[in-house]
């Protein structure tokens, strides 16, 4: 019997539509403190030392295991370590189960630190944000990985929290090919309390911000793969049966909240025509997540699947 | 000395007077250093507003037919318009 707190149908629909779920201050403060203690102090800036060396020394010192890709997630971290405790939090374990199913697999992790201007000045380098990119490489699957971004301390706007673009996860692009895009309407910047978690679909466009504060900014990321089915892993008891399609276009007022309402809400950056294709692709993604090959919302799929050849 | 500023606008459709959904600015004068995530409000409401402000259009995305079987595949921003300004820097 699975007693994890699984994601509701509404939360899952929001993930399907927007490609992320955010849990503010979800990690207890004692665990945040343990994590930061295990990471260790970051050395102060040294004149003439290049940032790559500073980063390398930091990674070597931090208490993060050098874990092989492809091991069961359950074996990725030692018992009692901050990261093991984090993954065992019911909220985290329930969300991971809902999104990637049983027996998830560790892909990789990384300790992301953005350094304040003093480090860049000491190294002679430029302090700039990271370009927009989609992690890994072109990924044509309907299946998906997730990435958990963990912010162990408060992140203010000037510390350059992760920038990401809601609703970009279903676009098939090639990593940094999207770097030309500096700003896109609706982009979000992670400004958050310590202990905040951001669960991302692996296709989300994102990049690290520029840190113009006087403190380092730490974020830990772990990528997780499914090893079994991702179908109907969320709390399907909250999934309401769809009796009929909703009325579309000609509406006399707002329609009640529903999974369809979540799936059919566009992002401000969607182009006029491709925004509709995004809705259609969300319908197809929801079919995958619910195992319902006939699902539709607002008639987008039904209309073009009508071959009139019965 | 003359230097080039390049403004890239991504619009909501193929018309220059449609809404800006994304933007980038690369400043060859060195006066500003723009970068990813540095601005959440678009510099112009539409591409036409950029023209009215003196930007010269130098390239627009072509409209391409949709390959059979790939009609619903989405990737890059579709309506990209490149503008330039040539600026006297006084160097």
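Residue numbers (the numbering used here), protein chains in the order written: chain A, 1270 to 1579; chain B, 418 to 508. Ideal Cβ positions, reconstructed from N, Cα and C, are used throughout, including at glycine.
Any chain B beta carbon closer than 7 Å to residue i
i              : result
residue 1453/A : yes
residue 1270/A : The predicted position of residue 1270/A is uncertain, since its pLDDT is 44 and thus under 50; no value can be drawn from it.
residue 1256/A : One cannot answer for residue 1256/A here, as it falls past the ends of chain A, which runs 1270 to 1579.
residue 1392/A : no
residue 1575/A : no
residue 1291/A : no
residue 1507/A : no
residue 1558/A : no
residue 1467/A : no
Rounded straight-line distance, which links the Cα of residue j to that of residue i
i              : j              : result
residue 1270/A : residue 1366/A : Low confidence applies here, because residue 1270/A scores a pLDDT of 44, under 50, leaving its location unreliable; read the following figure in that light. Using only the alpha carbons, I get a separation of about 13 Å.
residue 420/B  : residue 1545/A : 40 Å
residue 491/B  : residue 1444/A : 14 Å
residue 1411/A : residue 1369/A : 12 Å
residue 1486/A : residue 1441/A : 30 Å
residue 429/B  : residue 437/B  : 6 Å
residue 463/B  : residue 434/B  : 5 Å
residue 1417/A : residue 1490/A : 6 Å
residue 1307/A : residue 505/B  : 54 Å
residue 1448/A : residue 1303/A : 35 Å
residue 1522/A : residue 1281/A : 26 Å
residue 1496/A : residue 1338/A : 13 Å
residue 479/B  : residue 486/B  : 20 Å
7 Å Cβ cutoff, residue i in contact with chain A
i             : result
residue 467/B : no
residue 506/B : no
residue 432/B : no
residue 439/B : yes
Partners in chain B for residue i, counting only beta-carbon separations shorter than 7 Å
i              : result
residue 1478/A : 454
residue 1572/A : Neighbours of residue 1572/A on chain B: none; closest Cβ ~13 Å, over 7 Å.
Contact set between residue i and chain A, taken where Cβ atoms lie within less than 8 Å
i             : result
residue 451/B : 1451
Under 9 Å by beta carbon: chain B residues contacting residue i
i              : result
residue 1401/A : 453, 454
Neighbouring residues, chain A, relative to residue i (Cβ below 7 Å)
i             : result
residue 425/B : 1449
Listed by chain order, chain B residues near residue i by CB distance under 8 Å
i              : result
residue 1585/A : Nothing can be reported for residue 1585/A: it is not among the residues displayed for chain A, which extend from 1270 to 1579.
residue 1590/A : Any question about residue 1590/A goes unanswered here, given that chain A covers just 1270 to 1579.
residue 1326/A : By Cβ distance, chain B contributes nothing, its closest Cβ being about 26 Å from residue 1326/A, past 8 Å.
residue 1543/A : 491, 495
- Per the contact definition of three or more C-beta pairs closer than 8 Å, is the stretch 1552-1570 of chain A in contact with the stretch 1460-1469 of chain A? no
- Message: Is it the case that the stretch 1370-1387 of chain A contacts the stretch 1333-1346 of chain A, given that we only count it when at least three CB pairs across the two stretches are under 8 Å?
- Response: yes
- Message: Tell me which residues of the stretch 472-496 of chain B have at least one Cβ-Cβ distance to chain A shorter than 7 Å, keeping chain order.
- Response: 489, 490, 491, 492, 493, 494, 495, 496
- Item | At least three beta-carbon pairs within less than 8 Å, the stretch 1310-1329 of chain A to the stretch 1376-1391 of chain A | yes
- Three CB pairs or more closer than 8 Å across the stretch 1547-1567 of chain A and the stretch 1270-1288 of chain A: yes
- Determine which residues of the stretch 1529-1541 of chain A have a Cβ less than 8 Å from any Cβ of chain B, and write them out in chain order. 1537, 1538, 1539, 1540, 1541
- Query: Hey, is the stretch 1498-1516 of chain A in contact with the stretch 1323-1333 of chain A, meaning 3+ C-beta pairs nearer than 8 Å?
  - Reply: no
- Message: Would the stretch 1422-1440 of chain A count as touching the stretch 1508-1520 of chain A if we require 3 or more Cβ pairs under 8 Å?
- Response: no
- Query: Does the stretch 450-469 of chain B come within contact of the stretch 1529-1548 of chain A, defined as at least 3 CB pairs closer than 8 Å?
  - Reply: no
- Item | Contact list for the stretch 1407-1441 of chain A against chain B, Cβ threshold 7 Å | 1432, 1439, 1440, 1441
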